[in-house]
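Take 800 as the starting number for the sequence shown in our numbering and just add one per residue. Note that CB positions come from ideal geometry on N, CA and C, so glycine has one too. To start, the structure itself, in structure tokens.
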Amino acid sequence: MSTFQIVPLPAATAQRIRTSRQDDYGHAVVEQVATGYGPCRVSLRPFAPGQDRRLLFSYSPFEQANAFNQNGPVFIAATEVAPYATTDRFPPEIKADQVNFPLSLVGYSADQRMVFTWLVGEADVDELIAHVLATNPDVAYLHARNAEAQCFICQINRARARWVTKDLQGKDRVLGEAFVRATGVATLVRRGADHPLATHIPLEWETTADGVPLRRGPVAFDTLPVAVQQQLQGIVGFEITLDHVQTSFKMSQNRHADDYQNIIQKLHTLQTPAARLVADTRSSTRPAPQCPASH
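As structure tokens, this is what we get:
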């Protein structure tokens, strides 16, 4: 599971630049045939020199007006392109070409202070990003830059794990913090595999950054990496699908028929099944059953 999210230049910003032909600083946008490899800051793919047409303009990736806010020249494709989508790994075409894309990483704190710089060199940039975020808690996000020209390439955010319920129509419903604290989801997050819910039901995880889903798949909570479980401590909610509960019930009904029969009945009568399930689990004084890891 990736611990970061690559954030390209927003497609809406690119479209505004293409339409207005003026950047945010009043400069005229320059259209030209590519003389270098770029990359395009939206697709995060290299240009084909002598073939692709690109736009040059001034851009600042910063939100706060402080001493570290700086703008600089960036390129985007002259026509609309799809934004970079494989956001849980660094753009492979840039990563693979260390000659044309020498990289540096610059880390910023939550209040937009520069707190970290590193030349990537021949290191694996994906591994380096993960290491930097794991060992530098004061780094809220990173900028990848061209180490020679110092031009901004893309932002790299920490991936946030979140947990949501699914209602009976299959729609996601994110749990609010007040509900989490009142019903014990926070206990599930803190205690991990020791929580009764984790021993009953395989959960699904979904990592998100700024609300954008990165990856989703079935996994038992107690198999999540320790770092991920720790990451979840400040995040609200979790996710259970009705199918997962039914599957667990079928696999365990001989040993825990009463428990699972009650769970299934409640899920069919509630709009947000997982919400009530957590409340019931939390209030139960019955010891947690030890289900096989394959569940």
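Boundaries (first-last residue) of the alpha helix (DSSP H) holding residue i
i      : result
Ser819 : 810 to 819
Ala895 : 891 to 895
Thr765 : For the chain, the structure presents residues 800 to 1094; residue 765 sits outside this window and is missing.
Option in the options with minimal Cα separation from residue i
i      : options                        : result
Arg944 : Arg912, Gly906, Ala933         : Gly906
Ile805 : Asp896, Phe889, Phe900         : Phe889
Cys851 : Glu862, Gly835, Pro860         : Strictly speaking, residue 851 in this sequence is Asp, with Cys absent from that position. Taking only the C-alpha atoms, the option nearest Asp851 is Gly835.
Ala939 : Ala909, Ala866, Pro807, Ala810 : Ala909
Ile928 : Glu947, Gln897, Gln954         : Gln954
Val880 : Pro809, Ala933, Asn870         : Pro809
Phe951 : Ser859, Tyr883, Asn865, Gly920 : Ser859
Pro848 : Ile816, Thr886, Asn899, Arg815 : Asn899
Asn870 : Pro882, Leu855, Ala884         : Leu855
Phe803 : Asp937, Gln897, Thr886         : Thr886
Leu918 : Pro807, Gln949, Gln863         : Gln949
Ala811 : Asn865, Pro882, Val832         : Pro882
Ala933 : Ala866, Ala876, Asn956, Gln863 : Asn956
Asp896 : Gln814, Pro936, Ile816, Leu843 : Leu843
Ile816 : Asp937, Pro936, Thr878         : Thr878
Pro807 : Ala876, Tyr824, Gln863, Ala866 : Ala876
Val832 : Arg853, Ala958, Glu926         : Arg853
Gly920 : Asn935, Pro936, Glu947         : Glu947
Expected contact under 8 Å - CB spacing of residue i and residue j to nearest Å
i      : j      : result
Pro845 : Ser857 : Actually they do not touch by this definition, with Cβ atoms about 21 Å apart.
Lys894 : Val924 : 5 Å
Asn868 : Phe861 : 4 Å
Residue range of the beta strand (DSSP E) that includes residue i
i      : result
Gln804 : 803 to 806
Arg944 : 940 to 945
For residue i, the three-state DSSP class (helix, strand or coil)
i      : result
Gly871 : strand
Ala958 : coil
Ala864 : coil
Val841 : coil
Tyr858 : strand
Ala827 : strand
Cys953 : strand
Val905 : strand
Arg912 : coil
Val832 : strand
Arg853 : strand
Ala876 : strand
Thr982 : Caution is warranted here: a pLDDT of 44 is assigned to Thr982, below 50, making its placement in the model unreliable, and no coordinate value can be reported.
Asp887 : coil
Residue i Cβ short of 8 Å to the ligand MG heavy atom set
i      : result
Val931 : For the ligand MG, the structure offers nothing, since it holds no ligand at all.
Do three or more CB pairs link the region 812 to 830 to the region 911 to 923 at distances below 8 Å? no
For the 8 Å Cβ check, are there 3 or more pairs between the region 889 to 909 and the region 929 to 947? yes
Is there contact between the region 836 to 853 and the region 815 to 822, where contact requires at least three CB pairs shorter than 8 Å? no
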